[in-house]
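Chemist: Numbering (my numbering), first residue to last: 64 to 262.
We put the beta carbon where it would ideally sit given N, CA and C, even for glycine.
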Amino acid sequence: MDSILEFVPQLFYPLTNGPIMGHRMNVQTRETDVAVIGGGAAGLFAAIYAAKGGASVMLLEKGVTGRYGATSCALWSIQAPFGPRGMDARDSPEVMFRDIVTNGRFLGDQNIIEVITKTACDRILDLESYGLKFRKLEDGRFYQTPFPGQTYPRSVFVYENGYAMSMALAREVQRTEEDNGVVDTKGGQDDTLGIVRVF
Ligand SMILES: Cc1cc2nc3c(=O)[nH]c(=O)nc-3n(C[C@H](O)[C@H](O)[C@H](O)COP(=O)(O)OP(=O)(O)OC[C@H]3O[C@@H](n4cnc5c(N)ncnc54)[C@H](O)[C@@H]3O)c2cc1C
Numbered sequence: 064m065d066s067i068l069e070f071v072p073q074l075f076y077p078l079t080n081g082p083i084m085g086h087r088m089n090v091q092t093r094e095t096d097v098a099v100i101g102g103g104a105a106g107l108f109a110a111i112y113a114a115k116g117g118a119s120v121m122l123l124e125k126g127v128t129g130r131y132g133a134t135s136c137a138l139w140s141i142q143a144p145f146g147p148r149g150m151d152a153r154d155s156p157e158v159m160f161r162d163i164v165t166n167g168r169f170l171g172d173q174n175i176i177e178v179i180t181k182t183a184c185d186r187i188l189d190l191e192s193y194g195l196k197f198r199k200l201e202d203g204r205f206y207q208t209p210f211p212g213q214t215y216p217r218s219v220f221v222y223e224n225g226y227a228m229s230m231a232l233a234r235e236v237q238r239t240e241e242d243n244g245v246v247d248t249k250g251g252q253d254d255t256l257g258i259v260r261v262f
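#1: Nearest-angstrom Cα distance between residue 100 and residue 199?
#2: Name the residue from 242, 241, 236 whose alpha carbon lies nearest to the alpha carbon of residue 109.
#3: Quick one: what does DSSP say residue 223 is sitting in, helix, strand or coil?
#4: Sorry if obvious, but does the Cβ on residue 171 come closer than 8 Å to a heavy atom of ligand 1?
#5: If I follow the unbroken alpha helix (DSSP H) through residue 164, where does it start and stop?
#6: To the nearest whole angstrom, what separates the beta carbons of residue 158 and residue 214, a pair I think is in contact under 8 Å?
#7: Can you tell me which of 150, 197, 188, 212 puts its alpha carbon nearest to the alpha carbon of residue 160?
#8: Using 8 Å as the Cβ pair cut-off and three pairs as the minimum, do the stretch 223-237 and the stretch 127-142 touch?
#9: Pick out whichever of 156, 191, 241 has its Cα sitting closest to the Cα of residue 217.
#10: Check whether the Cβ of residue 134 lies closer than 8 Å to any heavy atom of ligand 1, and answer yes or no.
#11: Considering only C-alpha positions, which residue in the set 194, 220, 193, 169 is nearest to residue 204?
#12: CB of residue 196 to nearest heavy atom of ligand 1: below 8 Å?
#13: Shorter than 8 Å, the distance from the beta carbon of residue 125 to the closest heavy atom of ligand 1, or not?
Laid out in structure tokens, this is it:
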């Protein structure tokens with residue numbers, strides 16, 4: 064340090080409530096019913112359902128919605144116990160629950176596993192209605208392949224991959240924003256938050 068004067072701004076840092084070198088954080092305050100943090104499959108689904116249920120929603124994604132996180136890297140398979148609407152009529156949420164709990168050596172949270180097994184088929188149908196393409200048999204049933212740990216073939220086949228799923232969800236978020244009449248994709252953009260959507 065050439066001069067003790069260079070040190071002076073740091074002394075006042077707690078008083079000015081901002082970083083040194085004169086740079087201040089741009090703090091914005093917004094109200095919302097639901098704030099969703101993360102724009103992967105979980106966050107995008109949560110945002111869509113909260114908005115369609117009548118809540119105002121703020122979706123906070125540190126990167127680019129639909130392009131960051133594990134969802135956009137995922138492969139082609141999603142487990143869902145379609146039973147008669149899939150490859151084996153004997154499959155059911157109860158069989159899938161047992162498979163996951165026992166093959167997971169009882170490590171998984173059984174409350175979450177129960178929700179997943181009971182709702183997986185409905186979320187697949189949601190994704191299909193958002194435009195995601197699944198491999199189907201000629202009679203309309205879902206084509207499913209067996210994976211280790213499954214009593215019956217249970218993995219539905221997503222054409223393309225997780226990126227297509229992210230994009231289908233992101234497009235549905237866009238449609239939901241438009242339906243709700245408020246679109247604001249600019250507010251809050253800065254180095255830390257990436258994109259904030261309010262709808
Ligand atoms: C290579 C790969 C292949 C896979 N293949 C399959 C498969 O075939 N089938 C399958 O079922 N599963 C697969 N998975 C697992 C599956 O992709 C994930 O379990 C699932 O996508 C997780 O979704 P998520 O929404 O919880 O998290 P993510 O998709 O990771 O979303 C989290 C989001 O939160 C954002 N974020 C994180 N921190 C912050 C913050 N502080 N502020 C704001 N935003 C933040 C991230 O940028 C990201 O966009 C695979 C995973 C990988 C990596």
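Modeler: Quick answer:
#1: As a working note, residue 100 is residue 37 in the sequence shown. As a working note, residue 199 is residue 136 in the sequence shown. Their Cα atoms are separated by approximately 34 Å.
#2: The count along the sequence shown starts at 1 and reaches residue 109 at position 46. The shortest Cα separation from residue 109 among 242, 241, 236 belongs to 236.
#3: For the purposes of this step, residue 223 is identified with residue 160 of the sequence shown, where counting begins at 1. If DSSP states are grouped into helix, strand and coil, residue 223 belongs with coil.
#4: The residue you call residue 171 lines up with position 108 of the sequence shown. No, ligand 1 has no heavy atom inside 8 Å of this Cβ.
#5: The sequence position of residue 164 within the sequence shown is 101, counting from 1. Taken as a continuous stretch (DSSP letters only), the alpha helix (DSSP H) holding residue 164 covers 156-166.
#6: By 1-based counting over the sequence shown, the position of residue 158 is 95. By 1-based counting over the sequence shown, the position of residue 214 is 151. The Cβ separation is near 5 Å, so the contact holds.
#7: Within the sequence shown, the letter at position 97 stands for residue 160. Out of 150, 197, 188, 212, 212 has the C-alpha closest to the C-alpha of residue 160.
#8: yes
#9: In the sequence shown, residue 217 corresponds to position 154, counting from 1. Here the closest residue by C-alpha is 156.
#10: Taking the first residue of the sequence shown as 1, we reach residue 134 at position 71. It does: the Cβ of residue 134 is within 8 Å (strictly closer) of some heavy atom of ligand 1.
#11: Translated into the one-based positions of the sequence shown, residue 204 becomes position 141. For residue 204, the nearest C-alpha among the options comes from 220.
#12: For the purposes of this step, residue 196 is taken as residue 133 along the sequence shown, with counting starting at 1. Because no heavy atom of ligand 1 lies under 8 Å away, the Cβ of residue 196 does not count as near it: no.
#13: Locating residue 125 in the sequence shown gives position 62, counting from the first residue. Checking the Cβ of residue 125 against ligand 1 gives yes.
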